[in-house]
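What follows is one structure encoded as structure tokens, with my remarks underneath.
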Amino acid sequence: MLAMESYYQTILNLIAQSPNSDSLFQSFLRLLTESTGCDSAVFLITDLNSLGDSHSNYIYNVPVEHQNIYESYYDQIDKANETISTCRQDLIFVQDLPEALTSREVEADFMEPNGYKGRAAFAFPRSNNYVTNLYLCRDGDFSENDKQMLVRSTHSIRLTVQEILNNERRKNFARSLLNATGSLGGLLGYVVVDDKMNVIDMDSDLVFLFVKKQMKIENKKVHIYEPGLAKIIDISARFGASLSYPAPDSQYTYEIAAAPTSQLKGLFPWEMPPNGLVIAVYDCHRCVIHLKKLMDCYGLTRAEAETALHFSKKPHNKLLASELSKAPETVRTHVKRAMQKMGVHSQSELVRLVLTITMP
Numbered sequence: 425m426l427a428m429e430s431y432y433q434t435i436l437n438l439i440a441q442s443p444n445s446d447s448l449f450q451s452f453l454r455l456l457t458e459s460t461g462c463d464s465a466v467f468l469i470t471d472l473n474s475l476g477d478s479h480s481n482y483i484y485n486v487p488v489e490h491q492n493i494y495e496s497y498y499d500q501i502d503k504a505n506e507t508i509s510t511c512r513q514d515l516i517f518v519q520d521l522p523e524a525l526t527s528r529e530v531e532a533d534f535m536e537p538n539g540y541k542g543r544a545a546f547a548f549p550r551s552n553n554y555v556t557n558l559y560l561c562r563d564g565d566f567s568e569n570d571k572q573m574l575v576r577s578t579h580s581i582r583l584t585v586q587e588i589l590n591n592e593r594r595k596n597f598a599r600s601l602l603n604a605t606g607s608l609g610g611l612l613g614y615v616v617v618d619d620k621m622n623v624i625d626m627d628s629d630l631v632f633l634f635v636k637k638q639m640k641i642e643n644k645k646v647h648i649y650e651p652g653l654a655k656i657i658d659i660s661a662r663f664g665a666s667l668s669y670p671a672p673d674s675q676y677t678y679e680i681a682a683a684p685t686s687q688l689k690g691l692f693p694w695e696m697p698p699n700g701l702v703i704a705v706y707d708c709h710r711c712v713i714h715l716k717k718l719m720d721c722y723g724l725t726r727a728e729a730e731t732a733l734h735f736s737k738k739p740h741n742k743l744l745a746s747e748l749s750k751a752p753e754t755v756r757t758h759v760k761r762a763m764q765k766m767g768v769h770s771q772s773e774l775v776r777l778v779l780t781i782t783m784p
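Numbering-wise (my numbering), the sequence shown opens with residue 425 and increments by one.
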């Protein structure tokens, strides 16, 4: 088996280049299956309020005949998903479950996706009454060494799944918010609040760095500083209207939009907290969206991200230092750190990766 940690960065690179969620999950499941010596993998999202009725699933390397059987038994599979989701462990080996849970009757209800006996199940926290589980399947039980390897990799695997889900959710939110608010696009981030401005859910607190003169989050509550923005949000909440407000700072002009979650269409139920108000921040001219992508996906500081973006257009340290009014040594340091964080080994690789990320 190969180490899993490097695959987390591989998936982050794919996310940064904005492929669709299907290809992301397929890439991740393929890498995970191969690295763990398994035969197939399945990712399921189950609605606990409507067992057998609402699903989202991603399948890798499952034979068609087993896919057909698998999809015909969603209601029974849901029961197994719910059982696994209540276990205290993050990683469950089905072979180690009590005999009562793996009896012939239970096993007949839960049709394995590929007919194999060995299954490892990753259980994720519930979200709006939904359960998410990841299954790895193989022909035969997991050895003690295999178990230890998976246990060591659990954190990395769970982080990767969460990154993919967040990426999918963010894209769906961006599309739905665009339709609801009529914004020009360039979503930087959003927060969902209740009628008391308590935070229900949020995309990234990084977004509030760009509009700190207008609003901020403190003690899980959104605080508004500008009366005009407060009025817009109040009208949106009381009358169900989608409204926007300009938010200029020293460099750019952003747009803050507010819309009730009831107006967000095309979202899965687990992506939309009920009875909330979405406050979104847009970079209408897309001046910052690429900076945020580099900062979110690769952990670059704003200075490193700005330098990497400028360097991709003008890969010359001295010229860039003059343009950015920085010392050449500072530019070299930012470029070097960006290369390290983005996992590239040459300046030409850095330029290619940044250009790929920032392509429209």
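Glycine is no exception: its CB is placed at the ideal position from the N, C-alpha and C atoms.
By the neighbour-count criterion, in which 16 or more other beta carbons inside 10 Å mark a residue as buried, Leu-743 falls on the exposed side. In the DSSP annotation of this structure, the continuous segment of the beta strand (DSSP E) that includes Ala-465 starts and ends at 464–471. Across the structure, Ala-671 and Gly-700 are spaced so that their CA atoms are roughly 22 Å apart. Assignment of beta-bridge partners to Phe-548 by DSSP yields Thr-556. Within the DSSP bridge table, the entry for Phe-597 names no partner. Counting C-beta pairs with one atom in each stretch, the stretch 586–597 and the stretch 562–572 have fewer than three that are closer than 8 Å, which means they do not touch.
The way I'd put it, the stretch 755–771 does touch the stretch 718–733; three or more beta-carbon pairs between them come closer than 8 Å. Asp-514 sits away from Arg-576, with the two beta carbons spaced by 9 Å or more. Leu-724 is positioned such that its CB atom lies closer than 9 Å to that of Lys-765. Minimum Cα-Cα distance from Ala-544 among the listed residues Phe-566, Val-555 and Thr-556 corresponds to Phe-566. Taking 9 Å as the cut-off, the beta carbon of Met-621 is found closer than this to the beta carbon of His-647.
In the three-state DSSP reduction, Gly-652 falls in the helix class (H, G or I). Look at Asp-720 here: in three-state DSSP terms it is helix. By alpha-carbon distance to Thr-510, the top candidate from Asp-520, Tyr-482 and Ala-547 is Ala-547.
The three-state reading of DSSP puts Met-621 in coil, since its state is none of H, G, I, E or B. In this structure, Ile-703 sits away from Ala-727, with a CB-CB distance that is not shorter than 9 Å. Assigned with DSSP and collapsed to three states, Phe-735 falls in helix.
Between Leu-612 and Leu-602, the gap from beta carbon to beta carbon reaches 9 Å or more. Counting along the chain, Val-702 sits inside the beta strand (DSSP E) bounded by residues 701–706. The beta carbon of Glu-650 sits closer than 7 Å to the beta carbons of Gln-638 from its chain, once the five residues preceding and following it are set aside; these are given in chain order.
Across the set Gly-652, Ile-656, Val-635 and Val-617, the C-alpha of Val-617 shows the shortest separation from the C-alpha of Asn-643. In this structure, the beta-carbon distance from Val-466 to Leu-558 falls below 9 Å. Separation of the CB atoms of Asn-591 and Leu-448 is rounded to 7 Å, and the pair is thereby assigned contact status at 8 Å. The Cβ-Cβ distance between Ser-686 and Gly-652 does not fall below 9 Å.
The residues Ala-732 and Ser-736, in chain order, have a CB closer than 6 Å to that of Val-778 in the same chain once the five nearest residues on each side in sequence are set aside. Across the set Val-555, Leu-560 and Tyr-554, the C-alpha of Leu-560 shows the shortest separation from the C-alpha of Gly-461. Ala-604 is classed as buried because its beta carbon has at least 16 other beta carbons within 10 Å across all chains shown. Arg-593 has its alpha-carbon roughly 17 Å from the corresponding atom of Ala-683. Taken atom to atom, the span from the alpha-carbon of Val-518 to that of His-740 is near 56 Å. The residues Asn-741, Lys-742 and Ala-745, in chain order, have a CB closer than 7 Å to that of Pro-752 in the same chain once the five nearest residues on each side in sequence are set aside.
Remark: C-beta atoms of Asp-707 and Tyr-678 approach each other more closely than 9 Å.
CA-CA distance, Leu-748 to Val-635, rounds to 23 Å.
Here Phe-517 carries a strand assignment [DSSP, helix/strand/coil].
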